[in-house]
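A.B. asks:
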Amino acid sequence: QCSLLLCFGLAVDVRQTPAEVFTHPRNSLVQLFCNHDKTDFYLMLWYQQTPGRTDMKLIGYLHHNEPTMEKEHKDDFDISGALSGSTAKNGSLMIKKAEQNSSAVYFCAASKAQ
Numbered sequence: 001q002c003s004l005l006l007c008f009g010l011a012v013d014v015r016q017t018p019a020e021v022f023t024h025p026r027n028s029l030v031q032l033f034c035n036h037d038k039t040d041f042y043l044m045l046w047y048q049q050t051p052g053r054t055d056m057k058l059i060g061y062l063h064h065n066e067p068t069m070e071k072e073h074k075d076d077f078d079i080s081g082a083l084s085g086s087t088a089k090n091g092s093l094m095i096k097k098a099e100q101n102s103s104a105v106y107f108c109a110a111s112k113a114q
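Set out below in structure tokens:
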């Protein structure tokens, strides 16, 4: 079993769900959601902070509707969402197979892309 703790970003009013500690059976699919209302923020980043560490690793990001994954995370995660247009921005991080090494704090962040 894997435990996941989720947190939310503070730069803009970023909402991440579920925002609680939960456990999933091994090899299950886990999907985390993030959204905000800042219509000119077209970049959403996802980070992982593993137990006992203070640093965060970038998993990948979504720019408009185009996901970019860090090389070491391509097999374990997927990022998707809709950040284009002048409406609320929505994204998700999918953990393809929750394993013991998936136990972490996951953060999403929003940014104004250049």
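The numbering of the sequence shown is full-length UniProt numbering, which starts it at 1 and goes up by one.
Every residue, glycine too, gets a C-beta built ideally from N, C-alpha and C.
How long is the line joining the alpha carbons of Gln-1 and Ser-86, rounded to whole angstroms?
C.D. replies: Indexing the sequence shown from 1 puts residue 1 at position 1. Indexing the sequence shown from 1 puts residue 86 at position 86. For Gln-1, the predicted structure reports a pLDDT of 37, less than 50, and the residue's modelled location is therefore unreliable. A value from the coordinates is still provided. Rounded to the nearest angstrom, the two C-alpha atoms are 40 Å apart.
A.B. asks: Assuming Val-17 is part of the beta strand (DSSP E), what are its boundary residues?
C.D. replies: Numbered from 1 along the sequence shown, position 17 holds the residue referred to as residue 17. Residue 17 is actually Thr in this sequence, not Val. Note, Thr-17: beta strand (DSSP E), 15-17.
A.B. asks: Can you name the residues that DSSP bridges to Ala-104?
C.D. replies: For the purposes of this step, residue 104 is taken as the residue at position 104 of the sequence shown. None; Ala-104 has no bridge partner.
A.B. asks: So Ser-84 and Tyr-47 are in contact, right, with Cβ under 8 Å, and what is the actual spacing, rounded?
C.D. replies: One-based indexing of the sequence shown puts residue 84 at position 84. One-based indexing of the sequence shown puts residue 47 at position 47. Rounded, the Cβ-Cβ distance is 22 Å, inconsistent with contact.
A.B. asks: By how many angstroms is the C-alpha of Asp-13 removed from the C-alpha of Lys-112?
C.D. replies: Working through the sequence shown from its first residue, we reach residue 112 at position 112. Working through the sequence shown from its first residue, we reach residue 13 at position 13. Taking the straight line joining both Cα atoms gives about 13 Å.
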